[in-house]
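Visitor: These protein sequence lines map, in sequence, to chains A and B. Here our numbering runs 6 ahead of the position in the first sequence, where the first position is 1. Here our numbering runs 371 ahead of the position in the second sequence, where the first position is 1. Glycine is no exception: its CB is placed at the ideal position from the N, C-alpha and C atoms.
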Amino acid sequence: MIFNSEISGQQEHTTSPVVTGGSVIALVYNGGVLVGTDTLCSYGSMATFKNVQKIAQISKNTIYVSSGEFSDFQQVVRELAKIDRSALQYDDGVHPSPKDYGNYLARLSYKKRCKINPLYLQNVIAGFDNDKYLALVDIYGTYLESKFITTGFASYFCKAIISNYWNENCSLDQAKQVIRECFKVLFCRDCRAHDVIQLAYVDAQGTHIEEPERVETKWDFNGFKYRANEKLHTQ
Amino acid sequence: MLKHLYDTDCVTWSPQGKLFQVEYAMEAVKQGSICLGLKSSDYVVLCSLKRQPSELAGYQEKQFKIDDHMAIAIAGLTADARVLCKYMRTECLEYKYTYESHHPVGRLVFKVAEKSQHKTQSGAKRPYGVGLLVAGIDPNGVHLFETCPSGNYYEYKCQAIGSRSQAARTYFESWFHLFEKSTLEQLVLHGLSAIKKAIMEDEELNEKNVEVGILGKNQKFLHLNAQELKDYITKLEAFNPNSQIQQE
Chain A
7 MIFNSEISGQ
17 QEHTTSPVVT
27 GGSVIALVYN
37 GGVLVGTDTL
47 CSYGSMATFK
57 NVQKIAQISK
67 NTIYVSSGEF
77 SDFQQVVREL
87 AKIDRSALQY
97 DDGVHPSPKD
107 YGNYLARLSY
117 KKRCKINPLY
127 LQNVIAGFDN
137 DKYLALVDIY
147 GTYLESKFIT
157 TGFASYFCKA
167 IISNYWNENC
177 SLDQAKQVIR
187 ECFKVLFCRD
197 CRAHDVIQLA
207 YVDAQGTHIE
217 EPERVETKWD
227 FNGFKYRANE
237 KLHTQ
Chain B
372 MLKHLYDTDC
382 VTWSPQGKLF
392 QVEYAMEAVK
402 QGSICLGLKS
412 SDYVVLCSLK
422 RQPSELAGYQ
432 EKQFKIDDHM
442 AIAIAGLTAD
452 ARVLCKYMRT
462 ECLEYKYTYE
472 SHHPVGRLVF
482 KVAEKSQHKT
492 QSGAKRPYGV
502 GLLVAGIDPN
512 GVHLFETCPS
522 GNYYEYKCQA
532 IGSRSQAART
542 YFESWFHLFE
552 KSTLEQLVLH
562 GLSAIKKAIM
572 EDEELNEKNV
582 EVGILGKNQK
592 FLHLNAQELK
602 DYITKLEAFN
612 PNSQIQQE
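1. Please name the residue in B:S472, B:P498 and B:Y458 whose C-alpha comes closest to that of B:T379.
2. Is B:N511 near the ligand HEM, with its Cβ less than 6 angstroms from a heavy atom?
3. Ends of the beta strand (DSSP E) at A:D201?
4. Going along chain B in order, which residues have a C-beta closer than 8 angstroms to the C-beta of A:G99?
5. Under a three-way DSSP split, which group does A:I69 fall into?
6. Please say whether B:S521 and B:V393 have beta carbons closer to each other than 7 angstroms?
7. Taking just the CA atoms, how far does B:D413 sit from B:I508?
8. Buried or exposed, going by whether 16 or more other CB atoms sit within 10 Å of the CB of A:A206?
9. Reducing DSSP to helix, strand and coil, say where A:S48 ends up.
10. How many Å lie between B:Y470 and B:H375 at the Cα?
11. Using CA coordinates, which residue listed in B:L563, B:V416 and B:F516 is at the minimum distance from B:L607?
12. Under a CB-based cut-off of 7 angstroms, is B:Y470 close to chain A?
13. If you reduce the DSSP assignment to three classes, tell me which class B:Q423 lands in.
14. Going by CA-CA distance only, name the one from A:S73, A:D196 and A:I145 that's closest to A:K121.
15. How many angstroms separate the CA atom of B:S553 from the CA atom of B:I585?
16. Just the chain B side, please: which residues come within less than 9 angstroms of A:D106 by C-beta, in chain order?
17. Mind checking whether A:S29 and A:T223 have CB atoms under 7 angstroms apart?
18. For A:D135, which of helix, strand or coil comes out of DSSP?
19. For B:K579, tell me which candidate among B:T461, B:I445 and B:Q598 has the shortest Cα-Cα distance.
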């Protein structure tokens, strides 16, 4: 990706990401909304930044997570925090609700997409404002409110697990178990996934971002240990 | 009084610390016909007296819907009011486009006040000659604001502006403690009673010269139609605020 607008006189737009974050899974449970991501930012196929917090708290009752270009994620966090701060100047105690952030982000994404210079992200906004709120804003600016959201490879590998083990009235612990199971599968199947994940949830009491945790993995299968089926090049 | 030495423009202070041009602009508001607003815990009601320039003309409307959750009543220069009304409507539309929710009321009044203040600090501009009563509902509750040409704004439980509004305010002072718990019907009747205090001796309230707008937590802004106004004006005869006290 070359930025040579001064040389060629033509403006180039970012059309492929450089440092990327992995899948995001978000589920509504009986008391609020739970979100999970891994803590990896990849530089192409290299697992470069392994301890990144990709869950941003935008306001007291809103979290923002995304998968895709990480610098765009950081920029969006700045933009959304700007809105929250600028609400202070009116002295009226009115703060944007999670829905306001979701819609704002949708308009922003759509505007940038129209200029063929998108925010290279699948965005997830989760919040609790009298009721649970969960929405996806994709790279085109499509805005969809939903009870569960998966981005990236999670859309392919995890929907079956979510479909079988989750419903929107389950408990927080049940929802956490479902997400942990999903990331276990992702770590096995997605080349850009990581085994350290981070969960966060929003409920009536506010936002809670948990410490990163390692998913359970099992590697001591007989097939790996004894390699009985492999033909070794020793002969 | 050497007022004439200091009242040519907005950029001249008087020795007493007054800006006479701004004060003169407030006088324009007092020349407009009366409009008033009052609120309970669930509703805001705006009532105004419409003027008819001549027998051949229609009555000048004084209440305008800004958005589903907000409306204004004006007193003063109608042309200036149109400008502010258009500004408020545009702001509400843009907010709705970006956030998909209603513009917080206090915030819009603040923006109008900023705009008004701007006109009081320039040599080449004049203040807006109109006062607005802004009624609105937002997550913070039910609101009634007054804006002035000076750029100040205040929140009220009930307020009347325009010509002979003092009579209406005196009525409010006696009865405003009942408004919080009033029903919508009681609120409208209080509003009409207050307007009645402010009309001239030979004038009469009828469905043509009075305008009533209501706004509620589950009620988008609505103008009462001619039949509803007639019914309320008829009920006015029998209306006695004292009976409301006995209910509580």
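Guide: In brief:
1. Here residue 379 of chain B is taken as the residue at index 8 of the second sequence, counted from 1. Checked all of B:S472, B:P498 and B:Y458; the closest Cα to B:T379 is B:P498.
2. Looking at this structure, you won't find the ligand HEM or any other ligand, since it has none at all.
3. Looking up residue 201 of chain A in the first sequence gives position 195. From DSSP, A:D201 is part of no beta strand (DSSP E); its letter is neither H nor E.
4. Here residue 99 of chain A corresponds to residue number 93 of the first sequence, with the count starting at 1. What A:G99 touches in chain B: N511.
5. Within the first sequence, numbered from 1, the residue matching residue 69 of chain A stands at position 63. Of the three classes helix, strand and coil, the one that applies to A:I69 here is strand, per DSSP.
6. Along the second sequence, read from residue 1 onward, the residue named residue 393 of chain B stands at position 22. Along the second sequence, read from residue 1 onward, the residue named residue 521 of chain B stands at position 150. Yes. Within cutoff.
7. Taking the first residue of the second sequence as 1, we reach residue 508 of chain B at position 137. Taking the first residue of the second sequence as 1, we reach residue 413 of chain B at position 42. So the two alpha carbons sit approximately 9 angstroms from each other.
8. Counted from its first residue, the first sequence places residue 206 of chain A at position 200. A:A206 should be labelled buried.
9. On the first sequence, residue 48 of chain A is found 42 positions in, with the first residue counted as 1. Three-state result, A:S48: strand.
10. Locating residue 470 of chain B in the second sequence gives position 99, where the first residue counts as 1. Locating residue 375 of chain B in the second sequence gives position 4, where the first residue counts as 1. Each residue's alpha carbon lies about 49 angstroms from the other.
11. To locate residue 607 of chain B, count along the second sequence from 1; it is residue 236. Among B:L563, B:V416 and B:F516, the Cα nearest to that of B:L607 belongs to B:L563.
12. As a position in the second sequence, residue 470 of chain B is number 99, starting the count at 1. Judged by the 7 angstroms Cβ criterion, B:Y470 is in contact with chain A.
13. Indexing the second sequence from 1 puts residue 423 of chain B at position 52. It is coil, neither helix nor strand.
14. Here the question's residue 121 of chain A lines up with position 115 in the first sequence. Answer by Cα proximity: A:I145.
15. The residue labelled residue 553 of chain B in the question sits at position 182 within the second sequence. The residue labelled residue 585 of chain B in the question sits at position 214 within the second sequence. Rounded to whole angstroms, B:S553 to B:I585 spans 14 angstroms at the Cα level.
16. Taking the first sequence and counting its residues from 1, the one referred to as residue 106 of chain A is at position 100. Going along chain B in sequence order, the residues near A:D106 (Cβ under 9 angstroms) are T469, Y470, E471 and S472.
17. On the first sequence, residue 29 of chain A is found 23 positions in, with the first residue counted as 1. On the first sequence, residue 223 of chain A is found 217 positions in, with the first residue counted as 1. No, Cβ-Cβ distance for A:S29 and A:T223 is not below 7 angstroms.
18. Stepping through the first sequence from its first residue, residue 135 of chain A is reached at position 129. Reduced to three states, the DSSP call for A:D135 is strand.
19. Counting from one through the second sequence, the residue named residue 579 of chain B turns up at place 208. The candidate whose alpha carbon is nearest that of B:K579 is B:Q598.
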